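Novice:
Numbering (full-length UniProt numbering), first residue to last: 1 to 233.
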């Protein structure tokens, strides 16, 4: 299993969707080959609590049968640990109202994963020894995860500002110009693969996780019942 890395492009997509304040999954997920976890709370918001609630769904997940207990949700957890998903980007937006919910002044968390996980009839990862099946591009094991080789350390030139004397010949007055070292980072987009396996079933994607008015979050699997109660109020 590889280590998830932060992706600014996924964060930007999450920001663009979070500002819409809609309690549904992004309809463009399939086109973007992207997975998504959602969380909303109108109490005190702590992103660590949101992540913990998603992860605790593993208590209701049976790896051997690749199934979830009845009336429980496990899709947030399986997306978090999906071995092929290598990038994540998240965003939070404060919503005055949420379309599809009766919440007001709610905090809406959107996390996007690339490439998408939760493929039909597939397990999120293979059981075995840590790092026993690392791909060629992730040959090193770090904290039980496959990671790239550490870059070789090379002697870097002194990049501190240096005063350059560009004064005309015959003058003693130094130039006021300074030379500074600059670097430019170039970002490249991954080309979404076209896997031969069955695409995720977005029509039955995991329900977003919702936090109630009286607490910062509900127990995993209680979201649908909580939503009905809030809509009736």
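Just so it is clear, CB atoms sit at the ideal spot from N, CA and C, and this is done for glycine as well. Every value quoted in this text rests on a predicted model; they were computed, and no experiment measured them.
My guess is that residue 42 and residue 91 are in contact by the Cβ rule of under 8 Å, so how many angstroms apart are they, rounded?
Specialist: As a working note, residue 42 is residue 42 in the chain shown. As a working note, residue 91 is residue 91 in the chain shown. Contact doesn't hold; Cβ gap of about 18 Å is too wide.
Novice: Grab the span of the alpha helix (DSSP H) containing residue 8 for me, first residue to last.
Specialist: Along the chain shown, one-based indexing puts residue 8 at 8. From DSSP, the alpha helix (DSSP H) with residue 8 extends over 8 to 18.
Novice: Would you report the Cα separation of residue 45 and residue 75, rounded to the nearest angstrom?
Specialist: Here residue 45 is taken as the residue at index 45 of the chain shown, counted from 1. Here residue 75 is taken as the residue at index 75 of the chain shown, counted from 1. Distance between the alpha carbons of residue 45 and residue 75 is about 22 Å.
Novice: Out of 81, 47 and 93, which has the shortest C-alpha to C-alpha gap to residue 57?
Specialist: As a first step, residue 57 is located in the chain shown; it is residue number 57 there, counting from the start. Checked all of 81, 47 and 93; the closest Cα to residue 57 is 81.
Novice: For residue 217, does the count of other Cβ atoms within 10 angstroms reach 16, so buried, or fall short, so exposed?
Specialist: Position 217 of the chain shown, counting from 1, holds the residue named residue 217. Only weak support exists for where residue 217 lies, its pLDDT of 34 falling under 50; the value from the coordinates is given anyway. Label assigned to residue 217: buried.
Novice: Near residue 141, which residues of its chain fall below 6 Å by C-beta distance, leaving aside the five closest residues on each side in sequence?
Specialist: Within the chain shown, numbered from 1, the residue matching residue 141 stands at position 141. Within the same chain, residue 141 has close Cβ partners 131.
Novice: For residue 21, which of 83, 128, 96 and 13 has the nearest alpha-carbon?
Specialist: For this step, residue 21 is matched to residue 21 along the chain shown. Ranking 83, 128, 96 and 13 by Cα distance to residue 21 puts 96 first.
Novice: Kindly identify the DSSP beta-bridge partner or partners of residue 22.
Specialist: What you label residue 22 is simply residue 22 of the chain shown in a count that begins at 1. DSSP, once it has assigned bridges, lists 99 as partnering residue 22.
Novice: Pick from 149, 150, 89 and 79: whose alpha carbon is nearest that of residue 16?
Specialist: To locate residue 16, count along the chain shown from 1; it is residue 16. For the residues 149, 150, 89 and 79, the minimum Cα distance to residue 16 belongs to 89.
Novice: According to the neighbour-count rule (16 or more other Cβ atoms, all chains shown, within 10 Å of its Cβ), is residue 79 buried or exposed?
Specialist: Start at 1 with the first residue of the chain shown, and residue 79 comes out as number 79. Residue 79 is buried by the Cβ-count criterion.
Novice: Quick check on DSSP: helix, strand or coil for residue 86?
Specialist: Translated into positions along the chain shown, residue 86 becomes position 86. The answer is coil: DSSP assigns residue 86 none of H, G, I, E or B.
Novice: Buried or exposed: residue 117, going by 16 or more other Cβ atoms within 10 Å of its Cβ?
Specialist: For the purposes of this step, residue 117 is identified with residue 117 of the chain shown, where counting begins at 1. The residue is buried, with at least 16 neighbouring Cβ atoms inside 10 Å.
Novice: Let me check one thing: in DSSP terms, what residues is residue 138 bridge-paired to?
Specialist: Counting from one through the chain shown, the residue named residue 138 turns up at place 138. For residue 138, which the question treats as bridged, DSSP gives no partner whatsoever.
Novice: Does the Cβ of residue 18 have 16 or more other Cβ atoms within 10 Å, making it buried, or fewer, making it exposed?
Specialist: Here the question's residue 18 lines up with position 18 in the chain shown. When all chains shown are included, residue 18 counts as buried.
Novice: So is residue 127 buried or exposed if we call it buried at 16+ other beta carbons inside 10 Å?
Specialist: Here residue 127 corresponds to residue number 127 of the chain shown, with the count starting at 1. Exposed is the call here.
Novice: Below 7 Å between beta carbons: does that hold for residue 101 and residue 23?
Specialist: As a working mapping, residue 101 is identified with position 101 in the chain shown. As a working mapping, residue 23 is identified with position 23 in the chain shown. A contact, by the Cβ cut-off of 7 Å.
Novice: Within this structure, are the beta carbons of residue 38 and residue 110 separated by less than 7 Å?
Specialist: Your numbering for residue 38 matches position 38 in the chain shown. Your numbering for residue 110 matches position 110 in the chain shown. The answer is yes: Cβ separation under 7 Å.
Novice: Leaving out five residues on either side along the sequence, give the residues of the same chain with a beta carbon under 7 Å from the beta carbon of residue 1.
Specialist: If you number the chain shown from 1, residue 1 lands on position 1. 83, 125, 145 and 146, listed in sequence order.
Novice: Is residue 26 closer than 7 Å to residue 115 when the C-beta atoms are compared?
Specialist: As a working note, residue 115 is residue 115 in the chain shown. As a working note, residue 26 is residue 26 in the chain shown. Not a contact, by the Cβ cut-off of 7 Å.
Novice: Under 7 Å Cβ to Cβ from residue 51, same chain only, skipping five residues before and after it: list those, please.
Specialist: Working through the chain shown from its first residue, we reach residue 51 at position 51. Within the same chain, residue 51 has no close Cβ partners at all.
Novice: Assuming residue 66 and residue 123 make a contact with CB atoms under 8 Å, what is their CB distance in whole Å?
Specialist: For the purposes of this step, residue 66 is identified with residue 66 of the chain shown, where counting begins at 1. For the purposes of this step, residue 123 is identified with residue 123 of the chain shown, where counting begins at 1. Residue 66 to residue 123, Cβ: 5 Å. Contact.
Novice: Over what stretch of residues does the beta strand (DSSP E) that includes residue 36 continue unbroken?
Specialist: Working through the chain shown from its first residue, we reach residue 36 at position 36. Its beta strand (DSSP E) spans residues 35 to 41.
Novice: Does the distance from the C-beta atom of residue 112 to that of residue 49 stay below 7 Å?
Specialist: On the chain shown, position 112 is the one that residue 112 refers to. On the chain shown, position 49 is the one that residue 49 refers to. No, they are not a contact pair.
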